[in-house]
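Worksheet for the structure shown next.
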Amino acid sequence: MDAVHEYGPLQVLPIEDSNEDGESSDVYKYLLSVRDEAWNGSPVEFIDREIKSEPEPTQEEQEQEQEKEQEQSAEVTEEAQEGVTLWQQQLLAEFKDIKQQLAQVDQPATLLEIPEDASHWRKFILNNEPPTIEYFVHQLDKPTKVKLLVYITKWLTMSNASIANLSQWIWKILLTIDTRSMLTPDEIFVLRKLAKKTIKVKETSTETSSVGNMTIDMIITLVCRHYGQLDLLQQ
1 MDAVHEYGPL QVLPIEDSNE DGESSDVYKY LLSVRDEAWN GSPVEFIDRE
51 IKSEPEPTQE EQEQEQEKEQ EQSAEVTEEA QEGVTLWQQQ LLAEFKDIKQ
101 QLAQVDQPAT LLEIPEDASH WRKFILNNEP PTIEYFVHQL DKPTKVKLLV
151 YITKWLTMSN ASIANLSQWI WKILLTIDTR SMLTPDEIFV LRKLAKKTIK
201 VKETSTETSS VGNMTIDMII TLVCRHYGQL DLLQQ
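All letters in the sequence shown, in the order written, are residues 1 to 235 by full-length UniProt numbering.
Here it is as C-alpha cells:
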C-alpha cells in the first residue's frame with residue numbers, strides 16, 4: 001500500500017462533533033464529503049462561469065505594498081495569538097499532521113496536462129476537481145502553486161468560495177506549497193494578499209453559504225495562524 005493510501009483516511013478538514021441542527025449539520029456533512037473527495041477524486045460537475053479579474057498593480061505599488069506588509073507583520077499583538085476556536089485548533093492540527101506525511105507520497109503514475117495561462121487555469125480549476133495529492137507534491141512546482149494563488153486571489157468571491165472543488169484546490173495548494181521557513185518574502189506577500197482579499201470578502205458578503213463561509217475561514221486560519229501572518233487578524 002502506498003503512502004497516500006496509508007494516511008488517506010485522515011480528515012482533510014476537521015470534523016467537530018456537534019449536537020446542533022440546521023446549517024451546522026450541513027457544514028459537517030460538507031466537510032465529510034471534502035475529506036473523502038480530496039483524496040479519492042470523486043467526480044463533481046460544475047458550470048463554467050465568467051469571473052472578473054482585478055487590474056494588475058504596478059511594480060511600484062507592489063513594492064510599496066510589500067514594505068507596508070513587512071512593517072505590519074512585525075507588529076503582531078498578543079490578542080491575535082489568543083482566542084483560537086476549537087474548530088481552528090482542529091484544522092491547524094489536521095493540516096500540520098498531513099503536511100508532515102507528504103514526504104511519503106509516491107510519484108504519480110502519469111503526468112497531468114498543465115494549462116498554459118490564467119484563462120485556461122480558471123476553466124480547469126472551476127470545472128474540474130483537483131487531482132490527487134501526488135500531483136501537488138511531485139508535478140506542480142512551487143512557482144506554479146504561487147501563481148495559482150495569485151489567480152485565485154483575483155477570482156475569489158463568496159460565490160466562488162462556495163464551489164466545493166475550488167475549496168479543495170485551495171486546501172491542497174496551501175498544504176503542499178512549502179514550510180513557512182522556506183517561503184521567500186515575495187511568496188509570503190502572495191499569501192498575505194490572498195488572506196487580505198479573503199478577509200474583505202468575509203466582511204462585505206451578505207451570502208450565507210455554509211461551504212463558502214467554511215472555505216473563507218479555512219484560508220484565513222491557515223494563512224494567518226499556520227503561516228504566521230497574525231497581524232492580518234487585527235485589520
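All residues carry an ideal CB built from backbone N, CA and C; glycine is no exception.
Given the structure is predicted, the values throughout are model-derived calculations rather than measurements.
Extent of the continuous alpha helix (DSSP H) to which residue i belongs
i             : result
glycine 212   : 210 to 221
alanine 161   : 158 to 161
valine 190    : 185 to 204
residue 237   : Since the displayed the chain opens at 1 and closes at 235, residue 237 lies outside it and no answer follows.
residue 239   : Residue coverage of the chain in this structure runs from 1 to 235, which leaves residue 239 outside it and unanswerable.
histidine 120 : 118 to 127
leucine 92    : 86 to 100
alanine 103   : First-last for alanine 103: undefined, no H or E at that position.
threonine 176 : 164 to 176
Whole-angstrom distance between residue j and residue i, CA atom to CA atom
i             : j              : result
alanine 161   : glutamate 60   : 30 Å
lysine 52     : lysine 145     : With a pLDDT of 47 at lysine 52, under the threshold of 50, the modelled position of this residue cannot be trusted, and the question is left open.
lysine 147    : threonine 176  : 14 Å
tyrosine 135  : isoleucine 170 : 14 Å
threonine 221 : proline 115    : 29 Å
threonine 153 : histidine 138  : 24 Å
threonine 105 : lysine 172     : Checking the displayed sequence, the identity of residue 105 turns out to be valine instead of threonine. Approximately 13 Å, taken between the alpha carbons.
threonine 157 : threonine 198  : 8 Å
glutamine 90  : methionine 218 : 11 Å
residue 276   : leucine 233    : In the structure displayed, the chain extends from 1 to 235; residue 276 sits before or after that span and is not available.
histidine 226 : arginine 192   : 12 Å
valine 150    : valine 190     : 7 Å
alanine 93    : aspartate 117  : 35 Å
Assigned exposure category for residue i - 16 Cβ within 10 Å defines buried
i             : result
alanine 103   : exposed
alanine 195   : buried
serine 119    : exposed
serine 181    : exposed
glycine 212   : buried
threonine 206 : exposed
glutamine 168 : buried
threonine 184 : exposed
leucine 86    : exposed
glutamine 88  : buried
glutamate 187 : buried
The ligand GDP heavy atom lying under 7 Å from the CB of residue i
i             : result
threonine 179 : Summarising the ligand content, the structure contains no ligands, and the ligand GDP is consequently not present.
Assumed close pair residue i, residue j - CB separation to whole angstroms, cut-off 8 Å
i              : j           : result
isoleucine 125 : leucine 166 : 6 Å
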